[in-house]
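Counting in our numbering, the sequence shown runs from 6 upward without gaps.
These notes are about the structure you will find just below.
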Amino acid sequence: MLAASSPHLVTVHDTITCIYRTVLSSGKKLFTQVVWSANQVGGAFLSVTVKYGILPSKPHAHLLRKKKGRRSFTAGDSAISLHWDTSAAAYESGLELSKAFYLSMVADESK
C-alpha cells in the first residue's frame, strides 16, 4: 500500500550571505548581513539585517521583496535608510548578482 503524499511542497533554497562591519564617525559599529536567496520555483529575495554594536541588541531584519525601493528604520542611535534596485540585475553564474543592480545603506547617527 502506498502512503498518500504530503500536501506541503518542499523547496530548496540557495543562498549567498555577505557580512559587513561599518565603523561610524563616532567609532560605533554597525554589522550588516546581506542575503541573496533563490528557490526552485523561481523566486529571488534579498534580505538585509542590521545589528548595532557588539553588545546584545535586537537585530533589524528586512526582507526586500520588491525589485526596487527604499526602507528606513532605526538601529541603536542611527537612522538607517536602505535603497535598492535589482529590476535589471543580471546573474553571470550562480546565485550572486553580477551587474546592473545596487544596494546602498545610509546611516545618520544622532548625537
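Glycine residues also receive a C-beta, built at the ideal position from the N, C-alpha and C atoms.
Reduced DSSP category for residue i - H, G, I as helix; E, B as strand; rest coil
i	result
A112	strand
T91	coil
L68	strand
Y96	coil
K63	coil
S103	coil
Straight-line gap, residue i to residue j (C-alpha atoms, nearest Å)
i	j	result
V40	T79	20 Å
I24	E114	21 Å
K73	S31	31 Å
K104	A94	6 Å
S118	R76	Here the chain covers residues 6 to 116 and nothing more, so residue 118 does not appear.
D82	H88	20 Å
T22	Q38	7 Å
K33	R26	10 Å
Y96	L102	5 Å
K63	L35	12 Å
A8	V28	Reliability fails at A8, whose pLDDT of 44 lies under 50, so the model's placement of it is uncertain and no value is given.
A84	S42	26 Å
Residue i - partner residues in DSSP beta bridges
i	result
F78	I85
Interface flag, residue i vs chain E, CB-CB below 8 Å
i	result
T27	The structure shown has no chain E; it contains just one protein chain.
### Message
With three or more C-beta pairs closer than 8 Å as the rule, is the region 90-110 touching the region 50-58?
### Response
Touching, yes, given that three or more Cβ pairs across the two stretches are closer than 8 Å.
### Task
Please specify which runs of the beta strand (DSSP E), each continuous and at least 3 residues long, are wholly inside the region 20-49, giving them in chain order.
Complete beta strand (DSSP E) runs here, min 3: 34-44.
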